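Residue numbers (our numbering), protein chains in the order written: chain L, 71 to 861; chain P, 134 to 347.
Input: a single structure, listed below in structure tokens.
Structure below.
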């Protein structure tokens, strides 16, 4: 079923591929014959007049060799993209299996086509291409999109688990396989210990993208997610380091004469390589952040700087035989924070999308190549080796998970349950990394390379398909503890308060915990790093600048249409108590949370939205546009509404005082914070509170100037607004009705108002007027009781 | 704290009252003496000796919490002038990790205690409700560390949070209804989803106390 879906969208490209392949045979023959005749050049020239029509200029030629490599690579990528489209079109499929399965299938398909037409596949993958071009984008992308705060909170556990886990797995599998090889019956006697160790190291490289996708969908708790994520991040680095080290060993000691000093040197080298890589990454991260400080006038090169510096960090680390992967990861993590503040919005989006695209392309190519080499003649099947490999992979992963977590649970205040550990064990899916390393084994050192490749492929297929497909149902079955993604301001506030409280108490106790480390880092960061690395005039967040634009537009529009635009509201300052429910639109919540997250701590990714293949749509842009559209709609609605206001139904005890003009002094009488009422209907229209919350601080001055500028034609003013104190019971006459609806929102103590500042009065007055114009009847109370859940 | 044998008696007593182990009590006692300058009681000024506390945006609230009679279980309101070691331990006991091996009731009780501590931090005038003004105060303090945020946005945020709380706690209200403030029960409701167990505790067990030189 799936395959049909795959084939359906891509008959075109298949056809093209087939045609290309077929014609390439013909073309190469043609070229060869053409070449051979051309080689005896002097004779041929004289013989030209007597030769066949071949030698004439042909009108239509085909030169396939020239474009073969790029052509086929492009076709592969296109094919994979089309397959992905098809994959997502059929809704149930992404639930059933991870995308890696799909890519492998596509690769196998391409491989079978190539095999079927007996076509020599282009040499896409060799060691340098893989390590220099295909691997960095993948690592860069995972480093860049890493949620930093949970990562660093769990850093100890992650390092412990990823580092030691990889080592235990590698050594364990290698050693056990070596023991198996000793058994003569299996015919594996010629495999050295080193070869087995090397195989162990490359097969233990886990690629849990499938698991992560499932976790995100199942919304498992943050710690579990971070463990797998951290493992994915560090795993590549560690296994590549191990791999290179062991290859170096193998080169040195072909006869298994390894002295203890070499092993010690190996361990020391391991540490040096790891830390050195991180060090270089951080340096390059800072350099690039610094440079983006000065790029405001040529924002087109900002993405270029980001990518080039990351790549440079990788290359420099590789030059020094340090771990390029860890370097590029560290670079991305360091750079991200400062670059995001410095670059323009479009550059930021470009960077994100381009990174995703590059990594997607790399991964696709690797998987396809994997598929291609599956279907081919370069296999060596040995039942014992392969079966034992599979078995040992699982056993050693189980051992490492349970043992390591048992130990680390002693130190965690928040231990992982057995269920969690089982999930972690089960998510050990191997992927493109292992395959690449196996494929790149140097044949000279590994005469039985084919065996290794076959075994790797079997493990990958097994884990990706069987484990990848079943992990979803397993997670749901085990009902792993979920995260609660209640996105409310209250939650944000409380948690921040708690963090500070905890840090404070720890200070008082004299403890040194990672909260303090983080606080210290933040202090250092603010004092020095930000001054150096971030631009002087900070670009305001996009929401705020968009609101400003909106405000201006609205103001101009309204003035043109003759309505007073009083767009700046704030929740009343003087309100003491809250009456009736306010419903905050999700946009307000989001913008407030934005403010909180950006200013209380480093950006905290509360929603774990790591999806390797997709980017979450840019929520702030969407909501800003939405707000603009809604506001315009409500404006038009309000213009049309006119008389539909319940006049005087609750006139009763509440007098509403409106100011007629911005400049007049408030007269006697109680002034209701009728302003507040506006929020009531505002919220039903989802426009204003968002404006007031994020835009207000910056718009303070704007408001003043706008007040001065507005010219209100008298007649089109709502009568009620002009009426002032004598609006009760007054016939509003033609035109718009004012709303005296005393929608009691905030009870005020009137005395305070009298002493209020001018600007606040104006704000309230404006808002009151705004209520007047807009006046929606009460049935517009929509219940936003799922206030706390995003729509 | 007096002669050796009475000290161990007192330690045992304190163990019983506050639930700390004797090692933890020893360590905390050392810290107490550091803070108080070998006096038997601590005053508010002594907290100035903790240098890192200066950076904390809510330091005044934290320090206040130590002297709050409600936390010390000495009365419904008001502030004590000074606290002794037992009081110190009482406050610290709010931050012990919840022992999940105890019964569900116990766990629930501990949770409530912690939340009550938090509630007292918000509710500075001890009237049993967190009013809008108090909430604003908290938000302003929380955001005070950042110079870019102006006071109005802090207030707006507080107001928004209050509105949200109102909608959570009371649901849809009549227009004439007045929402006075967040009571403790409402507070519990808000906190229902968040697990306070993992957040509000301090690891007293593995204290690598780096002696801060004052």
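C-beta atoms are modelled at their ideal positions from N, C-alpha and C, and glycine is treated no differently.
These numbers come from a predicted model, not from an experiment.
9 Å Cβ cut-off: residues of chain P touching residue i
{"i": "residue 225 of chain L", "result": "In chain order: nothing, as chain P lies at least about 16 Å away."}
Per-residue contacts from residue i into chain L (C-beta, under 8 Å)
{"i": "residue 161 of chain P", "result": "579"}
is_contact[residue i, chain P] using C-beta, thresh 8 Å
{"i": "residue 438 of chain L", "result": "no"}
{"i": "residue 593 of chain L", "result": "yes"}
{"i": "residue 757 of chain L", "result": "Because the pLDDT at residue 757 of chain L is just 34, under 50, the model does not fix this residue reliably, and the value given afterwards should be weighed accordingly. Output row for residue 757 of chain L: interface = no."}
Per-residue contacts from residue i into chain L (C-beta, under 7 Å)
{"i": "residue 183 of chain P", "result": "577, 578"}
Status (buried if at least 16 other CB within 10 Å, exposed otherwise) for residue i
{"i": "residue 866 of chain L", "result": "This structure cannot speak to residue 866 of chain L, because chain L is shown only from 71 to 861."}
{"i": "residue 453 of chain L", "result": "exposed"}
{"i": "residue 536 of chain L", "result": "exposed"}
{"i": "residue 237 of chain P", "result": "exposed"}
{"i": "residue 254 of chain L", "result": "exposed"}
{"i": "residue 247 of chain P", "result": "buried"}
{"i": "residue 514 of chain L", "result": "exposed"}
{"i": "residue 129 of chain L", "result": "exposed"}
{"i": "residue 413 of chain L", "result": "buried"}
{"i": "residue 265 of chain L", "result": "buried"}
{"i": "residue 488 of chain L", "result": "exposed"}
{"i": "residue 564 of chain L", "result": "buried"}
{"i": "residue 210 of chain P", "result": "exposed"}
{"i": "residue 337 of chain L", "result": "exposed"}
{"i": "residue 320 of chain L", "result": "buried"}
{"i": "residue 579 of chain L", "result": "buried"}
Residues that residue i contacts on chain L, provided the C-beta gap is smaller than 9 Å
{"i": "residue 323 of chain P", "result": "558, 560, 561, 564"}
{"i": "residue 213 of chain P", "result": "Ordered by position in chain L, no residue passes the 9 Å Cβ test against residue 213 of chain P, which lies about 16 Å from the chain."}
{"i": "residue 219 of chain P", "result": "Neighbours of residue 219 of chain P on chain L: none; closest Cβ ~16 Å, over 9 Å."}
Chain B contact for residue i (CB, 8 Å cutoff)
{"i": "residue 603 of chain L", "result": "Of the protein chains in this structure, namely L and P, none is chain B."}
Partner residues on chain P for residue i, Cβ-Cβ distance less than 7 Å
{"i": "residue 573 of chain L", "result": "189"}
Cutoff 8 Å: residue i Cβ touching any chain L Cβ
{"i": "residue 272 of chain P", "result": "yes"}
{"i": "residue 147 of chain P", "result": "no"}
{"i": "residue 143 of chain P", "result": "no"}
{"i": "residue 267 of chain P", "result": "no"}
{"i": "residue 297 of chain P", "result": "yes"}
For residue i, the residue or residues it bridges with in DSSP
{"i": "residue 174 of chain P", "result": "P:217"}
{"i": "residue 343 of chain L", "result": "DSSP lists no partner for residue 343 of chain L."}
{"i": "residue 276 of chain L", "result": "L:500"}
{"i": "residue 315 of chain P", "result": "P:263"}
{"i": "residue 201 of chain P", "result": "P:212"}
Can you list, in chain order, the residues of the stretch 223 to 242 of chain P whose Cβ is nearer than 8 Å to any Cβ on chain L? Against chain L - using a Cβ distance shorter than 8 Å - the residues of the stretch 223 to 242 of chain P are 225, 228, 230.
inquiry  = Closer than 9 Å between beta carbons: that is the criterion. Which residues of the stretch 180 to 205 of chain P meet it against chain L?
reply    = From the stretch 180 to 205 of chain P, only 180, 183, 184, 185, 186, 188, 189, 190, 191, 192, 194, 195, 196, 198, 199 have a Cβ closer than 9 Å to chain L.
Under 9 Å (Cβ pairs) to chain L, residues found in the stretch 151 to 175 of chain P: Cβ contacts with chain L come from 160, 161, 163, 164, 167, 168.
- Relative to chain P, which residues along the stretch 442 to 468 of chain L have a C-beta separation below 8 Å, given in chain order? Under the 8 Å Cβ criterion, the stretch 442 to 468 of chain L contributes no residue.
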